[in-house]
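Residue numbers (the working numbering): 1047 to 1952. We treat Cβ as the ideally placed atom computed from N, Cα and C, and that holds for glycine. These numbers come from a predicted model, not from an experiment.
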Amino acid sequence: MARQTNTLFLEQWLRTNIGGVSYSVSGHSSLSTSSSSARAIIQAWSEIRDSLQNQTFNPLILQSLKTLLNSQASLHVADPQAKLLLSVLSSRSYDLPSESYPILLRLLYIWVRKSFRPSTVLIDSAVDVLSHVFATEFGLKKSPSFLAEGILILGAISFVPSVSESSKIACSELLCRLLEEDYELVRLGEEIIPDVLAGIGYALSSSVDVHFVRVWDSLLGIWGKEDGPRSTVPTALMILHLVEWVVSGCIKSRSLKKIEAFSQQILGTSKASYVPFALVMVAAGVLRASRQAANGQGLEFVSRLRISAENQIAFVAQQLISETKGFINSDNDPANSLLRQCLSLALARSGAVSFTASVLLCLASALLREIFPLSHLYMQILQFIHSSGSEFDTNEIKRHLDSTLFKEAGVITGVFCNQYVSADEESKSLVESLIWDYCRDVYSGHRQVALLLRERNNDLQVDLEKIAESAFLMVAVFALAVTKQRLNSNFSQEIQREKSVQILVSFSCLEYFRRMRLPEYMDTIRRVVACVQENESACISFVESMPTYVDLTTWQDFSSKQKMGYEWSKDEVQTARVLFYVRVIPTCIERLPAHVFRRVVTPAMFLYMGHPNGKVARASHSMFVAFMSSGKDFKDERVSLKEQLVFYYMQRSLEGYPDITPFEGMASGVAALVRHLPAGSPATFYCIHSLINKANNLLSDANALKADDWKNWQGGPEPCKKILELLSRLISLVDIQVLPTLMKSLAQLIIQLPKTGQTMVLNELYAQVAESDDVTRKPTLVSWLQSLSYLSSQAKMEVFTSKEREGKENSASLGTVEPQARLVAETDKLTCKPTLVSWSHRLTFVLKGAIVPRISENRYKDMILQGLLKYLNSQDGYGLTMEYMALKWNRYTDISTFVPECAFCN
1047 MARQTNTLFL
1057 EQWLRTNIGG
1067 VSYSVSGHSS
1077 LSTSSSSARA
1087 IIQAWSEIRD
1097 SLQNQTFNPL
1107 ILQSLKTLLN
1117 SQASLHVADP
1127 QAKLLLSVLS
1137 SRSYDLPSES
1147 YPILLRLLYI
1157 WVRKSFRPST
1167 VLIDSAVDVL
1177 SHVFATEFGL
1187 KKSPSFLAEG
1197 ILILGAISFV
1207 PSVSESSKIA
1217 CSELLCRLLE
1227 EDYELVRLGE
1237 EIIPDVLAGI
1247 GYALSSSVDV
1257 HFVRVWDSLL
1267 GIWGKEDGPR
1277 STVPTALMIL
1287 HLVEWVVSGC
1297 IKSRSLKKIE
1307 AFSQQILGTS
1317 KASYVPFALV
1327 MVAAGVLRAS
1337 RQAANGQGLE
1347 FVSRLRISAE
1357 NQIAFVAQQL
1367 ISETKGFINS
1377 DNDPANSLLR
1387 QCLSLALARS
1397 GAVSFTASVL
1407 LCLASALLRE
1417 IFPLSHLYMQ
1427 ILQFIHSSGS
1437 EFDTNEIKRH
1447 LDSTLFKEAG
1457 VITGVFCNQY
1467 VSADEESKSL
1477 VESLIWDYCR
1487 DVYSGHRQVA
1497 LLLRERNNDL
1507 QVDLEKIAES
1517 AFLMVAVFAL
1527 AVTKQRLNSN
1537 FSQEIQREKS
1547 VQILVSFSCL
1557 EYFRRMRLPE
1567 YMDTIRRVVA
1577 CVQENESACI
1587 SFVESMPTYV
1597 DLTTWQDFSS
1607 KQKMGYEWSK
1617 DEVQTARVLF
1627 YVRVIPTCIE
1637 RLPAHVFRRV
1647 VTPAMFLYMG
1657 HPNGKVARAS
1667 HSMFVAFMSS
1677 GKDFKDERVS
1687 LKEQLVFYYM
1697 QRSLEGYPDI
1707 TPFEGMASGV
1717 AALVRHLPAG
1727 SPATFYCIHS
1737 LINKANNLLS
1747 DANALKADDW
1757 KNWQGGPEPC
1767 KKILELLSRL
1777 ISLVDIQVLP
1787 TLMKSLAQLI
1797 IQLPKTGQTM
1807 VLNELYAQVA
1817 ESDDVTRKPT
1827 LVSWLQSLSY
1837 LSSQAKMEVF
1847 TSKEREGKEN
1857 SASLGTVEPQ
1867 ARLVAETDKL
1877 TCKPTLVSWS
1887 HRLTFVLKGA
1897 IVPRISENRY
1907 KDMILQGLLK
1917 YLNSQDGYGL
1927 TMEYMALKWN
1937 RYTDISTFVP
1947 ECAFCN
């Protein structure tokens, strides 16, 4: 709060309250950072005194005055020294140079402000001297600094309590005359504005109120004059805090007469000469001061003053809305732009105010046009690039990033949301539409600009994204307010779902700018997603807002003269939006009809599976998993679509593996499809077939078969190892109808590996089967593993793959190769071959006497094995399932009971 007792130099306090903006000052108008020594200060006073006594002007006097000015922060001017300065000013013995007058006035100002109780006689003498100087010298030697220092010392004198009323009135009169007649000097030196405003503030706080309204008229009207000073945001902020300082003093001193006059004549009646931005800042200063007023002191007039200030802000806002026709038409008027900025800053610094529709709309317009002017900047950049092709000047954007307005965007957003919460339904709907439309405009504009600037001006794009990131934060905070207001029992389910979809679509447009984990964003997402996923029509509405395949793959900027080669995978803005959809759609996929998923989602899902960014590709695979896992009731349409998608999914995934397709994403997709497709689905067989073919292609590389690379799962031909690992995991997932095909294909694949690779894969399979709890599948897998292990251990079996080798081996002795191994090797019925391998392995164990030692004659062995070979050569072998062989083996406990019923021996 502005406390007058703690404000020594009002102009310096005003400079520090404009939000960190570097307000340019020059010369004596600011406290110098340099400081003279005590000896230099004493010497300066001595030289001034000597010059006055000698009645001659020494050029060194000007240097002495500058020495004193440079030490103004620590300088104390006593009454004798002030008398010396007044004597120099009033001396007629010599003609002072023009630049000495502002310095002399500044030193007198330091005397007035730093003296605890200046001499009233000396003050009255100073008033006479000042009146004479401005009557005789100012007209010939006027300058901006001369004017500023004169207004400053006149206002400071009128503020001193001990000064006579006549002197105060004289100072106020002279101050008003300077403002009314020489205001154009302020425009010539805008660095003096803090000094001018400080002088006005002192005068308004004077105990006399003869010229009270007149001073206010100058403060509020000077900015609208043709040759008057320019209206800027820093000036507006200084007016706000100046009024805060003045009104705080009036409230503290209980100056009821002044407050009443101010409320009725300044806030109550708007004169044509009053500039709207100044009126708004004055009203905001009143609100800020009244907020600090102590309670329980009988200050009822403060409440009335506050109401007047709020009404004034609402009145100015309504006028702005009327002039701009409710923001329907483009408004490029600089005055209206300044007014929107001042309204937003005024409300940000004055605290909460009562709701009015005009204020809410002005705040919305200020946020979208002034604080986050992305649409305007995009249009400028695109026009500039298309017209000239040269580099765009980034200084405008950098200045905006450094501005007070942009730095206070968070506070302004808070005020905007508070106004929205109190608004009526019509106003709420209007501002919601403005915000959601803005999000779509930002997405479209930034997408074009980012693509055009991709190889041109990275600094410009970085600065634009800083503004856009802050705009995203604003939208997220506003969306949370909308969620709290709309998603409750006061509104129908239809309205709640409509608002939820609008929020999700808007978030998708700004997803590229979400660079942090924002609690407001996460809370909003959770609530709106929960609302959408409960209703089919809401899900469809959200999904159908997703960009089409044509939009995703085609450059849509038809106005561009550049026929650029558009690459969808390099469009980061679009990719971020699609990624948002890909992450949200799985949450509501149960409610999404299959035909909508096929028409809208599938093209984008398969397209972005081939995106070079692994995060994006994995998200696409996750959406495929979500769809395959949905619809547990196996509806015909959804199941049919699932089976259809699998064929292209495997093609799309494997064609990009391992360069683009992330293995984790593909593995999750394969696991989902084998789990959730109907038993025996052709799509599952196709999936297994595709994986086997891909593994074979990877193994065809000579480098993939180096034995040293297959000692462990890491390193070497890792893509092939991962496919093998996935196939190994599938033996526990596929349904029993697909299992024989998988085991057959996997066995053929494993046999191709180097010996170290076979051992590695078998060890993994052993561990996997050992951990299995599936009592139905486990016996089959154990039998298959034993067979596979046997084949792996018999290196010589690889030679029995052709008819020629078959004849040679038939002529060899039976002791060279085990009979049951020959039986298996000669069997071309691959479906039952793993079963026969296992069975024959066990039979060998029996025939060697481990189980039934009493059978020792080789003719029984040969008879049984030759019978089996004869049977297999004449049958298709498909009837020999693992279950059948296991039952037969368990049924007969010894070979004597098994042989008589053996069909092969008949």
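- For Phe1430, the enclosing alpha helix (DSSP H) begins and ends at 1420-1433.
- 8 Å or more divides the Cβ of Ala1718 from the Cβ of Gln1783.
- Judged by pairs of C-beta atoms under 8 Å, the stretch 1194-1210 touches the stretch 1237-1252, as three or more such pairs exist.
- One Cα belongs to Tyr1147, the other to Val1158, and the distance between them is close to 17 Å.
- In terms of Cα proximity to Leu1772, the closest of Cys1733, Pro1143, Ser1473, Glu1416 is Cys1733.
- Within its own chain, the residues whose Cβ lies closer than 8 Å to the Cβ of Ala1398, once the five positions on either side in sequence are excluded, are Val1461, Asn1464, listed in chain order.
- Contact between the stretch 1578-1590 and the stretch 1508-1528 is not established, with fewer than three Cβ pairs separated by less than 8 Å.
- Sequence-distant Cβ neighbours of Cys1585 in its own chain, meaning closer than 7 Å and more than five residues away, are Val1578, Gln1579, Cys1634, Arg1637, Leu1638.
- Following the DSSP letters along the chain, one finds Cys1555 inside the alpha helix (DSSP H) bounded by residues 1539-1555.
- By the C-beta criterion, the stretch 1323-1337 is judged to be in contact with the stretch 1386-1406, since at least 3 inter-stretch pairs fall below 8 Å.
- As the crow flies, the alpha-carbon of Met1712 is around 20 Å from that of Leu1795.
- Straight-line measurement puts the Cα of Gln1548 at about 19 Å from the Cα of Leu1564.
- Ranked by how close their Cα comes to the Cα of Met1669, the residues Ser1714, Gln1365, Asn1659, Phe1709 have Ser1714 in first place.
- Straight through space, the alpha carbons of Ser1383 and Ser1092 are spaced by roughly 54 Å.
- Contact between Leu1283 and Asn1063 is confirmed by a C-beta separation of about 7 Å, below the 8 Å threshold.
- The straight-line gap separating the alpha-carbon atoms of Leu1221 and Leu1286 is approximately 21 Å.
- Setting aside the 5 residues that flank it on each side, Gln1798 is surrounded in the same chain by Leu1745, each with a C-beta closer than 7 Å to its C-beta; the list follows chain order.
- Listed in chain order, the non-local C-beta contacts of Ala1496 below 7 Å within the same chain comprise Gln1507, Glu1618, Val1619, local neighbours out to five positions each way being set aside.
- Straight-line measurement puts the Cα of Val1624 at about 59 Å from the Cα of Pro1190.
- Thr1278 is classed as buried because its beta carbon has at least 16 other beta carbons within 10 Å across all chains shown.
- Counting other Cβ atoms within 10 Å of its Cβ, Thr1594 stays below 16 and is therefore classed as exposed.
- Inclusion of Ala1244 and Ile1203 in the CB contact set at 8 Å is not warranted, their separation being larger than that value.
- Cα atoms of Asn1441 and Leu1510: separation of roughly 12 Å, rounded to the nearest angstrom.
- With respect to the 8 Å criterion, Leu1776 and Val1720 are classified as neighbours on the basis of their beta carbons.
- Pairing Gln1387 with Pro1322 gives a Cβ-Cβ distance that is not under 8 Å.
- Within the same chain, Cβ atoms closer than 7 Å to the Cβ of Lys1129 are found at Leu1168, the five residues on either side in sequence being excluded.
- If you check the CB distance, Arg1233 and Pro1275 come in under 8 Å.
- Going by beta carbons, Ile1156 and Leu1121 fall inside the 8 Å limit.
- The alpha-carbon of Ala1663 is positioned some 38 Å away from that of Ser1433.
- The alpha-carbon separation between Asp1263 and Ser1139 amounts to approximately 40 Å.
- The alpha-carbon of Tyr1694 is positioned some 17 Å away from that of Ala1665.
- When the five nearest sequence neighbours on each side are left out, the beta carbons in the same chain lying within less than 7 Å of the beta carbon of Ser1727 are those of Glu1689, in order along the chain.
- A residue is called buried when at least 16 other Cβ atoms come within 10 angstroms of its Cβ; Ser1791 meets this threshold and is buried.
- For the set Gln1426, Leu1186, Asp1483, the Cα lying nearest the Cα of Ser1411 is the one of Asp1483.
- Cβ contact annotation for Arg1532 (same chain, cutoff 7 Å, sequence separation greater than five): Ile1541, Gln1542, Lys1545, in chain order.
- In the displayed model, Glu1580 falls within coil according to three-state DSSP, outside both helix and strand.
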